[in-house]
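In what follows, a structure is listed as C-alpha cells, so that the remarks can point back to it.
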Amino acid sequence: MPGTPASSRAAAGDLALLASSVLAADAASIDLTGLDQTYEHLQVIMYARGTQAVATTFVFWQFNGDAGANYDRQTVRGINVTASATAAAGGTSFSFLVPGATAAANSFGGGEMLLPAYARTVGHKVAIFSHGMGDATLASQLAALEVCRWRNTAAITQITLLANVGNLLAGSGVWIYGLN
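Residue numbers (this note's numbering): 4 to 183.
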C-alpha cells in the first residue's frame, strides 16, 4: 500500500495487469472492481465502439461508482482539421467520443489514461487521458488530450466504462495495469 515501506510493495518499474474485460456481447458498461492497491499508479487502456446509430457517440468513465458532480476536465481536441479547447467542471463522469454504429465498419476508438497516486487518500485524483479514432472520410477523425480531476480523496478501487446511449459493441475492452 502507499505509505508502506518500498520493500513490501511491488518493485520499482513493475508493470502488472490488474484487471481486464473484453465484451463477448454488446453491453451497457464494463465494470472493473477490486483494484489492487499496492501499486503507485494505474495505466488504463480502452478500446471501444458504441451501438448507437450515429457516426460518433460518447462513452463515459466513472470511479468507485461515483455519479456525483465531481469530475472536472480540460480538453485539447482535433476533429478532422479543426482544433478546439474546452473546459468543464462539475460533470458526473469523464466523457469521450468513439465510433457509433454508422461509422466505418470495424472502426473502434482507443485511449490511454494515466492515474498517478490512485491508491493514496490525500488529495484529489488526476487523470491524464489521450484518446482518438480514425475515419477514412476524415469527418470523424479525432485526436484528443485531456487532463481531468476527480474531486475525491478516496483510493480508486473501481473503474467503469459506460455507453451514453445504447451499448458498447462486443469486442470493446478495458485493461488496467499497475505500475511503480
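Glycine residues also receive a C-beta, built at the ideal position from the N, C-alpha and C atoms.
- Task: Would you check if the distance between the CB atom of residue 122 and the CB atom of residue 134 is smaller than 7 Å?
- Result: In the sequence shown, residue 122 corresponds to position 119, counting from 1. In the sequence shown, residue 134 corresponds to position 131, counting from 1. No. Outside cutoff.
task = Let me know the secondary structure DSSP gives residue 69 once reduced to three states.
result = Taking the sequence shown and counting its residues from 1, the one referred to as residue 69 is at position 66. The answer is coil: DSSP assigns residue 69 none of H, G, I, E or B.
Contained beta strand (DSSP E) runs [length at least 3] in the region 76 to 112, N- to C-terminal order | 85 to 94, 97 to 102
So if DSSP puts residue 44 in a beta bridge, which residue, or which two residues, is it bridged to? Position 41 of the sequence shown, counted from the first residue, corresponds to residue 44. DSSP lists 119, 182 as partners of residue 44.
Margin query: Measuring only the C-alpha atoms, how far is residue 102 from residue 109?
Written below: In the sequence shown, residue 102 corresponds to position 99, counting from 1. In the sequence shown, residue 109 corresponds to position 106, counting from 1. C-alpha separation (whole angstroms): 9 Å.
When DSSP labels each residue in this structure, what does residue 33 get in the three-state scheme?
Translated into the one-based positions of the sequence shown, residue 33 becomes position 30. Strand.
Requested in this report: Taking 8 Å as the threshold, find out whether the region 123 to 131 comes into contact with the region 157 to 167 through three or more Cβ pairs.
Outcome: yes
* Asked: Pairing CB atoms from the region 161 to 180 with CB atoms from the region 18 to 25, are three or more of them under 8 Å?
  -> yes
Do the region 37 to 47 and the region 71 to 85 make contact, defined as three or more Cβ pairs closer than 8 Å? no
Span of the beta strand (DSSP E), counted from its first residue to its last, around residue 166: In the sequence shown, the residue the question calls residue 166 occupies position 163. Counting along the chain, the beta strand (DSSP E) containing residue 166 begins and ends at 162 to 166.
Practice problem: Alpha carbon to alpha carbon, how far is residue 52 from residue 178? Give it in angstroms, no decimals. | Solution: If you number the sequence shown from 1, residue 178 lands on position 175. If you number the sequence shown from 1, residue 52 lands on position 49. Straight-line Cα distance between these residues: approximately 15 Å.
#### Entry: Sequence-distant residues of the same chain with beta carbon closer than 7 Å to residue 20, five excluded per side
Against the sequence shown, residue 20 aligns to sequence position 17. Taken in chain order, the residues that qualify are 178, 180.
**Asked** Which whole-angstrom value describes the C-beta separation of residue 104 and residue 31, a residue pair presumed to lie in contact below a C-beta threshold of 8 Å?
**Response** In the sequence shown, residue 104 corresponds to position 101, counting from 1. In the sequence shown, residue 31 corresponds to position 28, counting from 1. Incorrect: roughly 15 Å between the Cβ atoms, too far for contact.
- Task: Taking only the alpha-carbon atoms, compute the straight-line gap between residue 70 and residue 86 and give it to the nearest angstrom.
- Result: Locating residue 70 in the sequence shown gives position 67, counting from the first residue. Locating residue 86 in the sequence shown gives position 83, counting from the first residue. Their Cα atoms are separated by approximately 29 Å.
DSSP-derived helix/strand/coil call for residue 176 | The residue labelled residue 176 in the question sits at position 173 within the sequence shown. Residue 176 falls in the strand class under three-state DSSP.
In angstroms with no decimal places, state the Cα-to-Cα distance between residue 142 and residue 82. Start at 1 with the first residue of the sequence shown, and residue 142 comes out as number 139. Start at 1 with the first residue of the sequence shown, and residue 82 comes out as number 79. Going from the Cα of residue 142 to the Cα of residue 82 covers about 7 Å.
(request) Give me the Cα-Cα distance between residue 116 and residue 168, rounded to the nearest whole angstrom. (result) Counted from its first residue, the sequence shown places residue 116 at position 113. Counted from its first residue, the sequence shown places residue 168 at position 165. About 22 Å.
Output yes or no for whether 7 Å exceeds the beta carbon distance between residue 162 and residue 35.
-> Counting from 1 along the sequence shown, the entry for residue 162 is found at position 159. Counting from 1 along the sequence shown, the entry for residue 35 is found at position 32. In this structure, residue 35 lies closer than 7 Å to residue 162 by Cβ.
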